[in-house]
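Chains as they are written, first to last, in the working numbering: chain A, 205 to 871; chain B, 205 to 871.
We treat Cβ as the ideally placed atom computed from N, Cα and C, and that holds for glycine.
Each remark here refers to the structure printed beneath this line.
There are 2 protein chains.
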Amino acid sequence: MVNLSTMPDVNVTSTFWRNYRNLIVDKVLPYQWAVMADEQEASLPDDPSSGNSFEGSEGHTLRNIEIAAGLAEGHHTGYQFQDSDLYKWLEAAAYALKYRHDETLKATADRLVELLAKAQAPDGYLVTMFQIDWPQERFKRLRQSHELYTMGHYIEAAVAYYEVTGSRAALDVACRMADCIDANFGSEPGKIHGVDGHPEIEIALPRLYEVTGEHRYLDLATFFLHERGTNPAFFDEQFADGGSGNEMLDADVFPRKYYQIDKPFTEQTTAEGHAVRVVYLCEGAAHVARLTGDAELREAAERLWSNIVRKRMYITGQVGSTHEGEAFTCDYDLPNDTMYGESCASVGMAMLARRLLEIEQRSEYADVLEKQLFNGAISGMSLDGSHFYYVNPLEADPVLSALNPDKKHVLTHRAEWFGCSCCPANIARLVASVDRYIYTVHDGVIYSHQFIANQADFGGGVTVEQRNNFPWDGHIEYTVCNRSGQDFRFAVRIPEWSRGRYALLADSKPVGAEAVEGFVAIPVKAGCAEVRLSLDLDMSVKAMEASPEVRVDAGKIAFMRGPVVFCAEAADNPDNLWQYRVPATAVLDSAEQVDARFEQNLLGGVETLTVPAHVIQAAGSDDADDVLYRPAGQQVCRDASLTLVPYYAWANRQDGQMAVWLNRENA
Amino acid sequence: MVNLSTMPDVNVTSTFWRNYRNLIVDKVLPYQWAVMADEQEASLPDDPSSGNSFEGSEGHTLRNIEIAAGLAEGHHTGYQFQDSDLYKWLEAAAYALKYRHDETLKATADRLVELLAKAQAPDGYLVTMFQIDWPQERFKRLRQSHELYTMGHYIEAAVAYYEVTGSRAALDVACRMADCIDANFGSEPGKIHGVDGHPEIEIALPRLYEVTGEHRYLDLATFFLHERGTNPAFFDEQFADGGSGNEMLDADVFPRKYYQIDKPFTEQTTAEGHAVRVVYLCEGAAHVARLTGDAELREAAERLWSNIVRKRMYITGQVGSTHEGEAFTCDYDLPNDTMYGESCASVGMAMLARRLLEIEQRSEYADVLEKQLFNGAISGMSLDGSHFYYVNPLEADPVLSALNPDKKHVLTHRAEWFGCSCCPANIARLVASVDRYIYTVHDGVIYSHQFIANQADFGGGVTVEQRNNFPWDGHIEYTVCNRSGQDFRFAVRIPEWSRGRYALLADSKPVGAEAVEGFVAIPVKAGCAEVRLSLDLDMSVKAMEASPEVRVDAGKIAFMRGPVVFCAEAADNPDNLWQYRVPATAVLDSAEQVDARFEQNLLGGVETLTVPAHVIQAAGSDDADDVLYRPAGQQVCRDASLTLVPYYAWANRQDGQMAVWLNRENA
């Protein structure tokens with residue numbers, strides 16, 4: 205069997221993604237650095253998480269590290285996990301350096317690594333708030349301290365930076381951190397038998413194991429995953445002394461399930477509590493399960509994934525139904541207007557999907573990964589790369605965000621930065637690493653699961669070129685070259701939205717093979733120089749409805765074309781969006797009735813949809829019309845049409861209403 | 205012109221209301237007293253108002269007064285306005301004694317008055333929290349102190365108790381209170397130029413003026429109404445010293461409009477902030493305007509009324525669209541599931557409607573009054589008289605109330621009591637005084653605006669008997685007797701839901717007169733012993749729709765029959781309520797298609813509606829069906845019917861889903 209690299213060298217050529225990835229290097233990373241290094245001011249909205257708002261959350265992120273390194277003086281500012289924003293930036297920078305040689309970026313990243321090495325304590329500990337102001341509280345307030353979370357993000361960044369640049373310095377800092385954690389945590393007597401309130405170290409340690417081969421790191425990740433929830437009182441026990449006196453560290457407003465510690469992780473069956481924490485926890489578990497074969501961890505991750513994607517996920521991929529605790533609520537509770545849908549949670553879902561694909565090729569993983577990539581995750585960043593969403597609603601109205609406090613966390617325009625600014629760099633690291641989300645390799649099969657044009661080298665003489673204009677066009681071409689001298693198979697994904705409706709040719713001949721778990725595998729024999737594949741996907745517009753179990757979407761539809769979910773915005777539609785009604789013809793024959801058109805000069809180049817509709821006339825200014833309730837049947841309609849744009853591109857024009865779910869016409 | 209009493213002696217004979225009024229005497233008042241006197245334990249839910257929750261809000265209401273009277277020792281417990289709960293109880297007791305001679309009740313009330321006289325300070329001040337624990341803060345923290353609010357409630361109670369029982373003792377305490385307030389507040393130098401954060405004294409003082417003739421009280425009410433908002437910084441200025449150190453008194457989490465002090469009351473154009481405060485403020489203004497002819501106050505009250513009933517009121521009469529601040533939000537923002545709809549606000553709307561009717565006979569006032577009486581106000585009390593709602597939602601689900609924190613203020617079963625228990629006795633005083641809401645008298649015309657069977661004596665030989673089985677039957681009979689020797693007119697209201705569709709006979713002959721502002725006036729000549737009227741109202745079932753401006757009710761209908769709004773409950777309907785679809789036939793021909801039937805043994809005797817419907821089948825247990833989103837057109841329906849019960853009677857059976865607004869079928 206040919207020895208295919210599980211981490212091929214992928215050059216993304218997709219126009220859609222190259223635009224985003226160039227933006228990351230040219231705008232996003234310089235902007236984010238400037239804000240975190242206090243070189244540029246950014247205005248902050250109110251913290252969207254009502255349960256998580258503290259005085260002085262405007263942190264000077266780089267400055268904290270300089271203080272810890274002894275290069276500046278003063279107190280720590282911002283959240284306890286503020287360092288991690290810079291680590292996610294470093295991780296994004298690492299991925300960006302893979303596709304763009306940028307001397308300035310590289311020099312900045314190197315200086316940061318150098319600074320971090322100076323700031324790191326002799327025992328490897330590095331969390332600046334504790335080093336600067338709260339040394340006595342180290343590892344003593346794990347419910348809120350985010351110490352392992354923060355160091356976990358550095359470890360992830362260092363692994364990426366090492367992989368791309370070969371920086372031993374970056375990796376050494378990470379190993380010293382991991383060693384520090386290993387020295388303090390574990391099942392052995394004298395070590396702390398507990399976990400961090402925010403999972404992340406569980407993601408970081410298996411990555412560090414993969415590049416170092418140090419088994420202690422994998423064992424430590426396994427310990428954290430199995431330890432979680434075995435002692436639900438652990439956090440409380442840490443507070444037997446009455447607390448630290450620091451409001452951020454002592455806060456205890458959420459139940460145990462918020463931290464996924466109410467029961468052992470391997471016994472959890474539904475996604476409960478803080479959405480990002482659940483998703484990160486599952487990502488770590490899936491990764492460790494793949495490396496160790498731990499069936500319990502794998503099953504737990506798969507079980508929670510299933511619960512999320514079948515019962516708790518928005519059509520655009522977002523998760524988290526309430527701002528209170530940024531949390532899941534219960535099955536099928538998916539309000540569109542009071543929801544949370546944190547950008548970080550969508551990024552996390554993409555990462556989790558990838559880890560699960562690395563275990564098993566199930567189409568559902570790839571479908572959800574695609575959903576995040578083209579909708580929920582990238583909606584968190586403006587097209588100019590300098591404004592971000594923390595909360596991604598499916599329905600918004602600036603009037604209600606301003607005047608109904610139940611919706612005040614829903615911004616109708618992206619913000620320059622946040623007090624708790626976890627999302628901006630998280631989006632950046634996903635976009636910058638999207639080349640890692642296109643293929644997986646298993647048992648001599650290359651699975652091509654994302655339609656992102658690229659040139660990939662799998663080593664040993666095996667290369668793949670994918671050409672397309674996705675997501676706007678469903679025609680995909682592959683050239684698979686095999687100069688390895690060995691057979692292998694190349695499996696093409698048939699996405700859920702095109703299943704049963706596609707055409708696949710290999711060297712101009714129809715491929716007869718059925719899709720198995722959403723993939724059609726084509727043999728690429730030794731000796732054949734290349735196989736040319738042509739795939740045509742069903743790009744007809746689809747009117748989607750939610751499961752009857754979803755209360756808030758009853759009587760509503762959302763339009764999709766390919767993986768892209770569309771929305772209506774005030775910028776294109778003059779009436780109140782809820783006054784439009786989509787007639788049955790447009791719902792049941794959307795492929796014919798809805799017009800799709802690519803507009804090069806709109807929103808960076810997007811497909812728009814034109815949906816025939818009626819508009820219910822608002823009451824006139826006549827007092828007699830100004831009645832709140834009246835017998836049905838008196839409403840007057842006029843013909844109109846709805847113009848829809850991709851959801852990810854919303855809120856890049858004037859402030860106004862937006863809706864993904866549109867009202868159907870009544871019988 | 206005959207000298208008709210504007211406050212006739214009315215004996216309510218209506219079966220519907222006699223049941224409620226007997227419950228008040230037999231169950232509600234004894235129960236409420238027992239709880240407030242610590243003779244009975246009651247369990248408290250979490251405080252529904254998130255912005256208003258303090259430690260130790262379980263107050264010992266009577267005990268506080270005993271402590272202030274020197275008959276017990278200890279600290280004050282509960283909210284700063286806790287005394288007022290007992291005052292509303294006293295007011296309800298007064299009204300109850302009018303229709304039921306109950307020695308025990310009378311004795312308890314007399315003892316309470318005696319106790320209050322003892323507790324009252326020599327200068328007339330009486331607010332126990334300040335007397336017991338915070339004497340130095342008297343009138344210094346009016347943003348939150350509720351001192352005038354609390355004394356206002358006593359004054360209202362004393363006026364009622366004096367009117368019914370002739371108790372001078374009760375009235376004297378009230379006059380001393382009013383004198384104390386008058387000595388401390390006013391435009392004169394040295395007095396406090398400010399108002400209470402919670403309007404109520406504005407209601408109380410004109411009532412006290414009416415029974416005492418003391419013009420100072422009316423002038424003081426006028427002062428408060430015109431003072432309000434002239435100095436928006438007044439509350440802040442009181443805190444120039446840094447505050448009292450009492451969390452309840454120092455709380456400052458809401459903007460100025462929450463207290464209606466952001467601008468002069470007479471310049472306010474929309475109902476903003478805390479709903480009960482707005483409504484109480486308008487009630488006081490309307491009352492003072494009628495007594496003084498103050499056009500500015502009248503116009504302000506009418507303007508805010510209009511804004512509320514045309515743009516900010518639920519179909520069941522509730523007001524208050526958010527729990528945060530128990531407040532209005534903006535025009536047409538009427539969410540059914542995250543709303544507030546405080547019982548006190550509906551009671552206040554009924555009281556305001558009556559005050560406006562006393563100024564001018566406009567059908568809208570009587571229509572909304574009826575809406576409150578048969579829906580929003582009485583929904584606050586269980587049919588057993590010992591459980592109460594603070595929040596009255598139009599859509600509820602116990603699962604979401606338990607698991608989605610954005611709905612945790614929505615109880616799906618009434619509570620025994622509340623930490624802030626303003627509502628229970630407020631409902632009691634409205635029901636006990638409903639005899640005062642049936643007629644108004646203007647310029648020689650008796651306006652009969654509520655269909656509540658009764659016998660009324662207007663003095664001077666004029667009596668009216670009204671017979672009906674309303675709200676279940678639309679046949680109304682009147683016998684109007686005129687032995688006064690003078691002509692007068694008797695005006696019958698044609699409610700908005702029957703306008704243009706009614707039959708009115710006077711002495712068996714059709715009345716030709718047109719309704720003017722919703723009233724048809726019949727001359728009752730001197731010398732005619734009696735006129736017999738027969739009115740038949742349109743009791744056909746109506747499917748109602750909301751204004752197109754109301755986003756959340758798009759595609760939905762609610763059913764009414766007469767003034768009664770209906771709802772679906774899980775107790776009668778086995779499927780998830782949102783999975784029912786009401787077909788066009790039932791919407792457009794509800795009079796024929798919807799079956800109405802009186803069920804004597806259900807919920808104390810109620811009309812039920814049976815609506816033909818379809819149910820969207822939920823996904824099967826098969827994994828393949830378990831998909832959140834799919835192309836439209838695959839839903840499977842089955843025939844079903846919806847059983848509806850009156851909204852006011854909901855949540856008197858098992859806990860379960862409830863919805864007023866039902867989904868229409870899609871085209």
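A contact between stretches requires three or more CB pairs, one per stretch, nearer than 8 angstroms, and the region 600-610 of chain A meets this requirement with the region 520-534 of chain B. C-alpha of residue 642 of chain A to C-alpha of residue 656 of chain A: approximately 7 angstroms in a straight line. Residue 839 of chain B sits close to residue 820 of chain B, with the two beta carbons spaced by under 8 angstroms. Among the CB atoms of chain A, none fall inside 8 angstroms of the CB of residue 474 of chain B. Residue-level contact by beta carbon holds for residue 534 of chain A and chain B, with a gap shorter than 8 angstroms. For residue 730 of chain A, the closest of A/685, A/538, A/401 by C-alpha to C-alpha distance is A/685.
Here residue 599 of chain B is near residue 864 of chain B, since their CB atoms are less than 8 angstroms apart. Contact with chain A is absent for residue 588 of chain B, since none of that chain's Cβ atoms lies less than 8 angstroms from the residue's Cβ.
Here residue 680 of chain A carries a strand assignment [DSSP, helix/strand/coil]. Assignment of residue 641 of chain B by DSSP, reduced to helix, strand and coil, places it in the helix class. Scanning the region 398-465 of chain A for uninterrupted alpha helix (DSSP H) segments of 4 residues or longer gives 405-416, 419-431, 438-442, 451-454, listed from N- to C-terminal end.
Residues 324, 328 of the same chain have their beta carbon placed closer than 7 angstroms to that of residue 380 of chain B, with the five preceding and five following residues left out of the count. Residues are counted here when their Cβ sits less than 7 angstroms from a Cβ of chain B; for the region 589-607 of chain A these are 603, 604, 607, given in chain order.
In this model, residue 214 of chain A and residue 306 of chain A are separated by some 18 angstroms (Cα to Cα). By the criterion of a C-beta distance shorter than 6 angstroms, residue 502 of chain B is surrounded in its chain by 493, once the five residues flanking it on both sides are discounted. In the DSSP annotation of this structure, the continuous segment of the alpha helix (DSSP H) that includes residue 501 of chain A starts and ends at 499-515. By the rule that beta-carbons nearer than 8 angstroms mark a contact, residue 761 of chain A touches chain B.
Flagged as an interface residue toward chain B: residue 867 of chain A, by a C-beta distance shorter than 8 angstroms. By the Cβ-count criterion, residue 705 of chain A is exposed, with fewer than 16 other Cβ atoms from all chains shown falling within 10 Å of its own Cβ. Put simply, of B/822, B/812, B/738 the residue whose alpha carbon is nearest the alpha carbon of residue 709 of chain B is B/738. Contiguous beta strand (DSSP E) elements confined to the region 683-724 of chain A occur at 692-697, 706-710, taking only those with 3 or more residues. If you check the CB distance, residue 780 of chain B and residue 861 of chain B come in under 8 angstroms. Taking CB atoms only, residue 740 of chain A has no neighbour in chain B less than 8 angstroms away. Per the coordinates, the alpha-carbon of residue 212 of chain B lies some 25 angstroms from the alpha-carbon of residue 404 of chain B. DSSP places residue 301 of chain A in the uninterrupted alpha helix (DSSP H) bounded by 287-303. According to the DSSP secondary-structure assignment, residue 862 of chain A is paired through a beta bridge with A/600, A/773. At least 8 angstroms separates the beta-carbon of residue 770 of chain B from that of residue 747 of chain B. For residue 766 of chain A, no Cβ of chain B is located within less than 8 angstroms of the residue's own Cβ.
Note on the region 771-809 of chain A: whole alpha helix (DSSP H) runs with a minimum of 4 residues are 788-792, 794-797, in chain order.
Sequence-distant Cβ neighbours of residue 337 of chain B in its own chain, meaning closer than 7 angstroms and more than five residues away, are 279, 280.
A distance of 8 angstroms or more separates the beta carbons of residue 545 of chain A and residue 468 of chain A. The Cβ atoms of residue 319 of chain A and residue 273 of chain A lie closer than 8 angstroms to each other. Contact annotation for residue 787 of chain A against chain B: 871 [CB-CB distance below 9 angstroms, chain order]. Contact annotation, residue 617 of chain A with residue 595 of chain A: C-beta distance approximately 12 angstroms; criterion of less than 8 angstroms not satisfied.
Not one beta carbon of chain B lies nearer than 8 angstroms to the beta carbon of residue 508 of chain A.
Taking the Cα positions, residue 358 of chain A is about 30 angstroms away from residue 516 of chain A.
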